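In full-length UniProt numbering, the protein residues as written are 1 to 197.
Next up, the structure:
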């Protein structure tokens with residue numbers, strides 16, 4: 001028996017890409033309707049594919065969550081193709097965090113749904129988006145199977161991500177300052193040369 005997803009309950013999906021959290025979406029959803037979320041003042045939509053399982057885990061379940069990519073106002077599944085076999089993504093729902101390890105990545109025709117079926121004894125979640133970018137003639141399916149969630153290990157990874165982002169921002173700021181100082185120096189040198197001539 002699956003836990004019911006109530007209206008306005010938030011579902012958070014996130015993953016690590018190259019030591020950065022690139023995929024983070026929140027769904028405030030109604031049963032099989034378009035799912036709307038607000039994240040960092042951005043508004044967009046995603047959907048729990050009709051006929052698939054609730055994304056609350058358990059044997060004999062296969063939830064399929066579909067979202068756009070390349071929207072100017074929100075990233076959504078823009079970075080989904082960066083996931084590779086063996087990577088993990090996480091779903092937070094009903095106060096629980098579920099971990100899934102990517103075991104299958106496929107590009108299929110829009111009408112090909114055989115990889116979205118429930119398999120006996122399995123706990124799957126598939127993330128679905130259109131591909132290629134701007135063409136959208138096919139569907140990218142990134143499937144994960146349920147694995148144990150180790151909060152301490154994930155928290156360490158989150159801290160690494162935060163540190164990497166902080167160092168990147170510091171480096172970017174330092175580079176901007178150096179470029180600004182260099183431009184001032186070049187401008188002053190050019191001004192001196194003009195005055196001499």
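Idealized CB from N, CA, C, for every residue including glycine. Because the structure is a prediction, the values reported are computed rather than measured.
Could you name the residues of the same chain whose beta carbon sits closer than 7 Å to that of residue i, not counting the 5 residues immediately before and after it, in chain order?
i           : result
residue 101 : 86, 88, 144, 145 and 147
residue 123 : 57, 58, 59, 61, 145 and 146
residue 109 : 138
The ligand COA heavy atoms versus the CB of residue i: any closer than 7 Å?
i          : result
residue 50 : The ligand COA is absent from the structure shown, which contains no ligands of any kind.
Under 6 Å Cβ to Cβ from residue i, same chain only, skipping five residues before and after it: list those, please.
i           : result
residue 155 : none
residue 104 : 143
residue 195 : none
residue 121 : 59
Using 8 Å as the threshold, is the C-beta distance between residue i and residue j below it?
i          : j           : result
residue 62 : residue 117 : yes
residue 70 : residue 133 : yes
residue 48 : residue 80  : no
I'd like to know whether the C-beta of residue i is nearer than 8 Å to at least one C-beta of chain B.
i           : result
residue 168 : Checking the listed chains, one finds no chain B in this structure; it contains a single protein chain.
Can you have a look at residue i and say buried or exposed, based on whether 16 or more other CB atoms are within 10 angstroms of its CB?
i           : result
residue 139 : buried
residue 65  : buried
residue 135 : exposed
residue 178 : exposed
residue 190 : exposed
Short of 8 Å in beta carbon distance, which residues of its chain neighbour residue i, apart from the five on each side in sequence? Order them along the chain.
i           : result
residue 107 : 131, 138, 139, 140 and 141
residue 199 : No answer is possible for residue 199: it lies beyond the span of the chain, which begins at 1 and ends at 197.
residue 151 : 97
residue 187 : none
In the DSSP assignment, find the beta strand (DSSP E) that holds residue i and state where it starts and stops.
i           : result
residue 65  : 61 to 67
residue 53  : Neither: residue 53 is in no beta strand (DSSP E) and is coded neither H nor E.
residue 89  : 88 to 93
residue 102 : 96 to 108
residue 125 : 123 to 131
residue 140 : 138 to 147
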